[in-house]
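Notes for the one structure printed next.
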Amino acid sequence: MPPKPSIRLFSLPPRFLCPSVPRSFVRTIRTIQPRQRTPLDRFQSGNGLPILGSSKTGAFLRKEPMMPLRTGALATKKGMTAIFDPTTSQRTACTVLQLDRCQVVGYKRREIHGYWAVQVGSGTKEARNVTRPERGHFAANGVPLKRDVAEFRVKNEAALPEIGSIISADLFQEGQFVDVRGTTRGMGFAGGMKRHGWGGQPASHGNSKTHRAMGSSGGGQGSGSRVHPGKSMPGNMGAEGQTIQSLKIMKVDRENGIVVVHGAVPGPKKGVLKIQDAIKKPWPEVDLSVGVSTMGSTSEKLEAAV
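Using UniProt numbering, read the sequence shown as starting at 1 and increasing by one per residue.
Pasting the structure below:
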């Protein structure tokens, strides 16, 4: 049996028999004209608008007041020693760092890379152990091959020394504070007691073979029956970047390129470290060219670096 037609189908008369409703002429024109809407700028640049905080320009302006006024230096950790004060008979533990043929090998510019930085190289390396892109980079700047290369962020263009300049230990003065960056010694896979300082489980009273074990990794149903993010567990320990801030410089030996800093620094002996002015201390009131000797021709640069 076919379905019965709906009553609503024949409840209204045809459309051509319905009276016409008057419409506003202004409204009709508004609907016909296209909307002229200016596309929104993602970073709010130009037209006198404030700079968006999440843009690269906003991030650069936030970091600019904290950027150092000059470059730093690469140094090799030689070991630790102690300095005795003859007046107070106080023993101070120190670390000996040595600058090995430290030289400016390149720049990073804000209009190209988005920030200001100085590329510094140290040591020496044979050509057969250097890749072709690296050899081309050194040859284009007229500097010898370097074993280690690192960047030092600076505040503006005035802190960029001439490419090929030699950085000596005179860059730092006794009594100045510096920040030292390096890579910590790798411990391999370590347990929780060594890695996080756990207290361990009881030595007796029913405990068997789980004195240094982890135990529970989380709660049951009440806490979600899962392992929460950030839970301390055994794993690889060390071999991470670390910064020791505000270390005082105790001694400076320009002839041997020695800088002695107070306390310990990350990394093993013969490790490469980055030394730069401390950002949490007042900037040293020295000329930006102190400790950076500019060489003339390319041959002079090569002779001074060898």
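We put the beta carbon where it would ideally sit given N, CA and C, even for glycine.
Predicted model only: the values in this text are computed from it and were never measured.
Rounded to whole angstroms, N236 and P282 show a C-alpha spacing of 37 Å.
Its Cα nearest to that of V272, the residue T183 stands out among V261, N207, T183.
Closest by C-alpha distance to V252, out of V286, H205, S208, Q173, is Q173. The continuous alpha helix (DSSP H) containing G192 extends over residues 192-196. The straight-line gap separating the alpha-carbon atoms of Q221 and H211 is approximately 26 Å. A check of alpha carbon separations from K270 across Q201, A75, V143, P13 identifies A75 as the nearest. Contact annotation: the region 85-97 does not touch the region 59-66, with fewer than three C-beta pairs closer than 8 Å.
In the three-state reduction of the DSSP assignment, E151 falls in the strand class, which pools E and B. For the pair P68 and Q276, the CB atoms are nearer than the 7 Å cut-off. The C-beta distance from G192 to Q201 rounds to 11 Å, too long to meet the 8 Å contact threshold.
For A139, no beta strand (DSSP E) run applies; the uninterrupted alpha helix (DSSP H) run containing it begins and ends at 132-141, by DSSP.
Counting of Cβ neighbours within 10 angstroms places K231 among the exposed residues, the total staying below 16. In this chain, the beta strand (DSSP E) harbouring L273 covers 272-277.
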